[in-house]
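The structure appears right after this line, and notes come after that.
Protein chains: 2
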Amino acid sequence: MAQTEGAEKAGTRAEMREETERQILDAAEVVFAEAGFGGATMQAIADACGLPKANLHYYFSSKEKLYRQVVERIFTIWLEAADSFETEAAPEVALRRYISRKMQLSREHRYGSKVWASEVMHGAPIVQDYLETTLRTWTETRIAVIRRWIDAGAIRPVDPRWLLYMIWATTQHYADFAHQIEVLNHGALSDAQWTEATDTVCGIILRGIGLNGGRTGP
Amino acid sequence: MAQTEGAEKAGTRAEMREETERQILDAAEVVFAEAGFGGATMQAIADACGLPKANLHYYFSSKEKLYRQVVERIFTIWLEAADSFETEAAPEVALRRYISRKMQLSREHRYGSKVWASEVMHGAPIVQDYLETTLRTWTETRIAVIRRWIDAGAIRPVDPRWLLYMIWATTQHYADFAHQIEVLNHGALSDAQWTEATDTVCGIILRGIGLNGGRTGP
DNA sequence: AATAACCTTGACTGATTGGTCAGGTCTGCT
DNA sequence: AGCAGACCTGACCAATCAGTCAAGGTTATT
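Same order as they appear, the protein sequences are chains A and B. Our numbering puts the first sequence at residues 1 to 218. Our numbering puts the second sequence at residues 1001 to 1218.
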């Protein structure tokens, strides 16, 4: 009974193991996001997913290993979203889609975003290599794309780096500073507000680099 | 000798106490920023300012009290910078000055910004009341100012909230994600890069809300 | 049914950490 | 000089936490 816990359907051994690991990772993501790596305790994570602490150590040999897997999972999701920055599309289309996707991610993966932010803020002790390899490569290809747009006169000449940082900062702010935003908003953002915020962010950035990004005419 | 430590000039008792407290707060700011509240240890802070741990407890009764003072000091600096958003100036002047000031703050108070970000990310357990009073009031007055600009047709109609969040996010990103930026940049940003980033951020945002914010013509 | 492999868990441990305290030192004042 | 009050600190707790372990339970396979 203990193994076929709750409402989950029993599957093969491998499926059940995967399911349990996912539950632990989900709980760990929230706890790490809310307390930071140092402030999080294995007991708190165990409580959050209703498992005894010793069981966590059966699936993840150490707190650091568990944390590493949480961060790696976030990075994977980030990478998938990064693909929505299509290098072949027109700047207006590519940027609008990328910004929208990142806003959606901030809404759906608030805790993941916070863990990533926390990790980078603390000097990326775990994911330093990702920054130097995957992220750097991705960034350089996108910088090249933006440069081409500039050379073609499609957008105003701005250093692509500052533009990318602006997009990352603005979109991730809605996850990382969600608490502050919700205090100022007297509650969580509504569907309409998320849409409006996304449109506004797209509008300002696109218009800011010389595109007629707004919904209404110039 | 222990009391007239290092190169500091001896002053009155009160001055020396203030000086020591400042040293501790400076060290604590860095340690809290780099390790988070939970990951920071009093011993690490003590080492960072070259004082025995017991001495820290003489000046600050508990880790939480020390942390609170660090956060309060940051909030004060933030408030002073917030004054550079002059409510009487033209939108282009007010916004450009405010953004520039915030960029400068990100450069000069990286650790403070990180502590604030961390505090808010974890649900503002210490500064919740500041968010609900001071920050909310400040934000509401600036929203009113921006609304007036919109009504006067000075800037395009955008919800002032999303604009403010964009400014906060973008400027603070240069402090909170400094590590990531420096990895991608292969080193710290130069004076010229800071100036260029500031100009670009100002340019995109001002242009994005319908002002001719760039240095060059339209 | 027997067996081996896998999973679960309460109880335990060594190490770390926030905080305390007694006894010492220094400073300013009379 | 002598005293009171402020300051300093090594040594010391009690609590907490990551990680261990042995014993028991469950499942798949033959």
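Every residue gets a Cβ at the ideal spot worked out from N, C-alpha and C, and that includes glycine.
*Counting only the same chain and skipping the five closest in sequence on each side, list residues whose C-beta sits under 7 Å from that of A82(A).*
As a working note, residue 82(A) is residue 82 in the first sequence. Within the same chain, A82(A) has close Cβ partners W138.
*Is H1109(B) buried or exposed, if buried means 16 or more other CB atoms sit within 10 Å of its CB?*
The residue given as residue 1109(B) occupies position 109 in the second sequence. Answer is buried; the Cβ neighbour count reaches 16.
*Residues from the segment 152 to 169 of chain A in contact with chain B, defined by Cβ distance under 8 Å*: R156, V158, D159, R161, W162, L163, Y165, M166, W168, A169
*Taking the alpha helix (DSSP H) that L163(A) falls in, what are its first and last residues?*
Indexing the first sequence from 1 puts residue 163(A) at position 163. Per DSSP, L163(A) belongs to the alpha helix (DSSP H) from 160 to 176.
*Specify the secondary structure class of L1131(B) as computed by DSSP and reduced to three states.*
Translated into the one-based positions of the second sequence, residue 1131(B) becomes position 131. Secondary structure of L1131(B) (DSSP, three-state): helix.
*Going by other Cβ atoms of all chains shown within 10 Å of its Cβ, with 16 needed for buried, is A178(A) buried or exposed?*
Your numbering for residue 178(A) matches position 178 in the first sequence. So A178(A) ends up on the buried side.
_Under 8 Å by beta carbon: chain A residues contacting M1121(B)_ = As a first step, residue 1121(B) is located in the second sequence; it is residue number 121 there, counting from the start. Chain A residues near M1121(B): A33, K114, A117, S118, D176, F177, H179.
*Is any beta-carbon of chain B found at less than 8 Å from that of H173(A)?*
Locating residue 173(A) in the first sequence gives position 173, where the first residue counts as 1. Yes, its Cβ sits closer than 8 Å to a Cβ of chain B.
*Please confirm whether I28(A) and V93(A) have their CB atoms less than 8 Å apart.*
One-based indexing of the first sequence puts residue 28(A) at position 28. One-based indexing of the first sequence puts residue 93(A) at position 93. A small correction: the amino acid at residue 28(A) is Ala; Ile does not occupy that position in the sequence shown. Not a contact, by the Cβ cut-off of 8 Å.
*Look up L189(A) in the DSSP assignment and say whether it is helix, strand or coil.*
Reading the first sequence from its first residue, position 189 is the one you call residue 189(A). When secondary structure is reduced to three states using DSSP, L189(A) falls in the coil class, being assigned neither helix nor strand.
*Going straight from the alpha carbon of A35(A) to that of L1095(B), what length do you get?*
Here residue 35(A) refers to the residue found at position 35 of the first sequence. Here residue 1095(B) refers to the residue found at position 95 of the second sequence. Distance from the CA atom of A35(A) to the CA atom of L1095(B), rounded to whole angstroms, is 35 Å.
*Thinking just about the alpha-carbon of each residue, which of Y59(A), A40(A), L51(A) is nearest to the one in A14(A)?*
Stepping through the first sequence from its first residue, residue 14(A) is reached at position 14. Closest by alpha carbon: Y59(A).
*Between the C-alpha atoms of S1219(B) and E1072(B), what's the straight-line distance to the nearest angstrom?*
Outside the shown range of chain B (1001 to 1218) lies residue 1219(B), about which nothing can therefore be said.
*asked:* Taking the beta carbon of A90(A) as the centre, do at least 16 other beta carbons fall within 10 Å, making it buried, or is it exposed?
replied: Here residue 90(A) is taken as the residue at index 90 of the first sequence, counted from 1. Counting Cβ neighbours within 10 Å, A90(A) comes out exposed, since fewer than 16 surround it.
*asked:* Rounding to the nearest angstrom, what Cα-Cα distance links L1206(B) and A1154(B) in this structure?
replied: As a first step, residue 1206(B) must be located in the second sequence, where it is residue number 206. As a first step, residue 1154(B) must be located in the second sequence, where it is residue number 154. Approximately 11 Å, taken between the alpha carbons.
*Along the alpha helix (DSSP H) that carries D83(A), what are the first and last residues, could you check?*
As a first step, residue 83(A) is located in the first sequence; it is residue number 83 there, counting from the start. Note, D83(A): premise wrong, no alpha helix (DSSP H); not H, not E.
*Chain-ordered chain A contacts of A1094(B) [CB-CB under 8 Å]*: Against the second sequence, residue 1094(B) aligns to sequence position 94. Chain A residues near A1094(B): none, gap ~17 Å exceeds 8 Å.
_Using the three-state DSSP reduction, which class does T198(A) fall into: helix, strand or coil?_
Counted from its first residue, the first sequence places residue 198(A) at position 198. In the displayed model, T198(A) falls within a helix according to three-state DSSP.
*Please indicate yes or no: does the CB of I1074(B) lie closer than 7 Å to some heavy atom of the ligand SAM?*
Absent from the structure shown: the ligand SAM. Ligands present: none.
*In chain order, what residues of the same chain have a beta carbon less than 7 Å from the beta carbon of A124(A), not counting five sequence neighbours either side?*
As a working note, residue 124(A) is residue 124 in the first sequence. Closer than 7 Å at the Cβ level, and outside the excluded window around A124(A), lie L131.
*So which residues on chain A does T1139(B) lean against when the C-beta distance must stay under 8 Å?*
Here the question's residue 1139(B) lines up with position 139 in the second sequence. In chain order: L184.
*Once you ignore the five residues that flank A175(A) on each side, which residues in its own chain have a CB closer than 6 Å to its CB?*
The count along the first sequence starts at 1 and reaches residue 175(A) at position 175. Contacts found: S106, R110, S113.
*List the residues of chain A whose Cβ lies closer than 7 Å to the Cβ of V1201(B), in chain order.*
Translated into the one-based positions of the second sequence, residue 1201(B) becomes position 201. Here the neighbours are W162, M166.
*Simplified DSSP state of F37(A), which is helix, strand or coil*: Taking the first residue of the first sequence as position 1, residue 37(A) is located at position 37. In the structure shown, F37(A) sits in a helix (DSSP, three-state: H, G or I).
*Does any residue of chain A bring its CB to less than 8 Å from the CB of E1132(B)?*
Translated into positions along the second sequence, residue 1132(B) becomes position 132. Yes, E1132(B) lies at the interface with chain A (some Cβ there is under 8 Å from its Cβ).
_DSSP-derived helix/strand/coil call for Q1022(B)_ = Counted from its first residue, the second sequence places residue 1022(B) at position 22. Reading off the sequence shown, one finds Arg at residue 1022(B), where the question assumed Gln. Correct three-state label for R1022(B): helix.
*DSSP three-state call for L1051(B): helix, strand or coil?*
Walking along the second sequence from the start, residue 1051(B) turns up at place 51. Residue state for L1051(B) is assigned as coil, using DSSP reduced to three classes.
*Establish whether the CB of E1196(B) and some CB of chain A are separated by less than 8 Å.*
Taking the second sequence and counting its residues from 1, the one referred to as residue 1196(B) is at position 196. Output row for E1196(B): interface = yes.
_Own chain partners of D1047(B) with C-beta closer than 7 Å, once the 5 adjacent residues on each side are dropped_ = Against the second sequence, residue 1047(B) aligns to sequence position 47. The answer is none, since no qualifying residue turns up.
_Cβ shell of M166(A) (< 8 Å), same chain only, five flanking positions each side left out_ = For this step, residue 166(A) is matched to residue 166 along the first sequence. Cβ within range, chain order: I205.
*Which residues mark the beginning and the end of the alpha helix (DSSP H) in which T12(A) is found?*
Your numbering for residue 12(A) matches position 12 in the first sequence. In the DSSP annotation of this structure, T12(A) is not part of any alpha helix (DSSP H), being labelled neither H nor E.
*For M1103(B) versus A1033(B), is the C-beta distance shorter than 8 Å?*
Numbered from 1 along the second sequence, position 103 holds the residue referred to as residue 1103(B). Numbered from 1 along the second sequence, position 33 holds the residue referred to as residue 1033(B). No, they are not a contact pair.
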